[in-house]
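Single-structure report; data block below.
In my numbering, the protein residues as written are 262 to 595.
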């Protein structure tokens, strides 16, 4: 499916964009991959990195300076592009709280620009990356991503017969990425601390690797028919067990939950359960619109979850203990 096609990744120099590009080049022969972002320094670093890793494939990469806030620039970049992965966003919760209008410009207006440009340029499929923070949001970042998700789902109503297909992929902080707690703990441990700060000893999170996140996007690109939100079935872990795995014998320093932070991650809310179907390795939340036709858009094999179901890291059935987390951390470094 990904041979001889053109793919554009907004925010393509981030952790996800790099891993997606790597996995595509390892398995397929795309016509071109457009890395669309606004930081020329990160683009130059990524280009140098991929020249070393993929000297025979570097001509397939295009590094395109641009901002999702600029629809005209997006349309120029999207010329003859088949698939779009929308990964660009303002993600830092405190930065969004302090600069709310900037978060809105990027996460909401930018999302609408991606939609409009994709429709105008005849893109086949668009997959937008979401976050657990969009579910019952309590901070501005989550609020903007909720609106973004709604925009991408609703965009299917405007694409017309055989037009652009829009879907969403949702997961939390990726293990080892810049936004996760792992590098934060690692820096403290490297500085010689014996006491790790835990915001709340009850806190739990979902565990997903970059590879698993990319695989879910592959699934959305392959199977989506329009309006789906994909969520992986993944294990949970306790933050205290992660600290134990990274620094055995650590002392607990409970500093209190931060503003805009949740005790548990929620991927499927109770209210969303009415439209959620379970598959072998993932869930799909289907839209609830008049234009959405069950027979036309439903993916076979799904089983309706029970009413009141909630996919919550604190009540999950799959768990990683401290030893298993230690093994996972070792795998991340390979």
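All C-beta atoms, glycine included, are put in the ideal place defined by N, C-alpha and C.
Chain-order list of residues whose beta-carbon lies under 7 Å from that of residue i (same chain, five-residue window excluded)
{"i": "residue 504", "result": "446, 457, 459, 511"}
{"i": "residue 404", "result": "398"}
{"i": "residue 276", "result": "435, 438, 439, 471"}
{"i": "residue 658", "result": "Summary: the structure shown does not reach residue 658, with the chain confined to residues 262 through 595, and so no result is reported for it."}
Neighbourhood of residue i by C-beta, 6 Å cutoff - its chain only, sequence neighbours within 5 removed
{"i": "residue 559", "result": "none"}
{"i": "residue 265", "result": "292"}
{"i": "residue 256", "result": "Absent from the model: residue 256. The displayed extent of the chain is 262 to 595, so no value can be given."}
{"i": "residue 539", "result": "564, 566"}
{"i": "residue 481", "result": "388, 428, 430, 491"}
{"i": "residue 515", "result": "459, 462"}
{"i": "residue 477", "result": "430, 491, 493"}
{"i": "residue 416", "result": "376, 427"}
Cβ separation of residue i and residue j, assumed to be a contact under 8 Å, to the nearest whole Å
{"i": "residue 409", "j": "residue 380", "result": "Actually they do not touch by this definition, with Cβ atoms about 16 Å apart."}
{"i": "residue 483", "j": "residue 262", "result": "6 Å"}
{"i": "residue 411", "j": "residue 392", "result": "Actually they do not touch by this definition, with Cβ atoms about 14 Å apart."}
{"i": "residue 339", "j": "residue 378", "result": "5 Å"}
{"i": "residue 528", "j": "residue 467", "result": "7 Å"}
Cβ-based burial, residue i [other Cβ within 10 Å; buried from 16]
{"i": "residue 501", "result": "buried"}
{"i": "residue 376", "result": "buried"}
{"i": "residue 462", "result": "exposed"}
{"i": "residue 526", "result": "buried"}
{"i": "residue 433", "result": "buried"}
{"i": "residue 557", "result": "exposed"}
{"i": "residue 279", "result": "buried"}
{"i": "residue 413", "result": "buried"}
{"i": "residue 301", "result": "exposed"}
{"i": "residue 371", "result": "buried"}
{"i": "residue 579", "result": "exposed"}
{"i": "residue 555", "result": "exposed"}
{"i": "residue 562", "result": "exposed"}
{"i": "residue 571", "result": "buried"}
{"i": "residue 597", "result": "The chain is shown from 262 up to 595; residue 597 falls before or after that span and cannot be answered."}
{"i": "residue 337", "result": "exposed"}
{"i": "residue 474", "result": "buried"}
{"i": "residue 314", "result": "exposed"}
{"i": "residue 581", "result": "buried"}
8 Å Cβ shell around residue i - same chain, five flanking residues per side excluded
{"i": "residue 520", "result": "358, 400"}
{"i": "residue 353", "result": "402, 440"}
{"i": "residue 593", "result": "436, 437, 443, 470"}
{"i": "residue 308", "result": "319, 322, 324"}
{"i": "residue 567", "result": "534"}
{"i": "residue 422", "result": "none"}
{"i": "residue 374", "result": "329, 330, 331, 332, 335"}
{"i": "residue 342", "result": "267, 268, 269, 295, 382, 384"}
{"i": "residue 517", "result": "460, 461"}
**Message:** Using 8 Å as the cut-off, can you tell me whether the segment 355-370 makes contact with the segment 283-302, which would need three or more C-beta pairs spanning the two stretches below that distance?
**Reply:** no
**Message:** Taking contact to mean 3 or more Cβ pairs, one atom from each stretch, closer than 8 Å, check whether the segment 550-560 and the segment 495-502 are in contact.
**Reply:** no
**Completely contained beta strand (DSSP E) runs for the segment 353-421, where each covers 3 or more residues** = 386-391
**Asked** In chain order, which alpha helix (DSSP H) runs of at least 4 residues are fully inside the segment 464-532?
**Response** 471-484, 500-507
**Item:** Cβ contact check for the segment 483-492 and the segment 436-453: 3 or more pairs under 8 Å
**Value:** no
**Request:** Please specify which runs of the beta strand (DSSP E), each continuous and at least 3 residues long, are wholly inside the segment 541-565, giving them in chain order.
**Result:** 543-546
**Request:** Count the C-beta pairs between the segment 334-349 and the segment 266-278 that are closer than 8 Å, then say yes if the count reaches three, no if not.
**Result:** yes
**Message:** Restricting to runs no shorter than 3 residues, where is the beta strand (DSSP E) found entirely within the segment 272-338?
**Reply:** 293-298, 322-326
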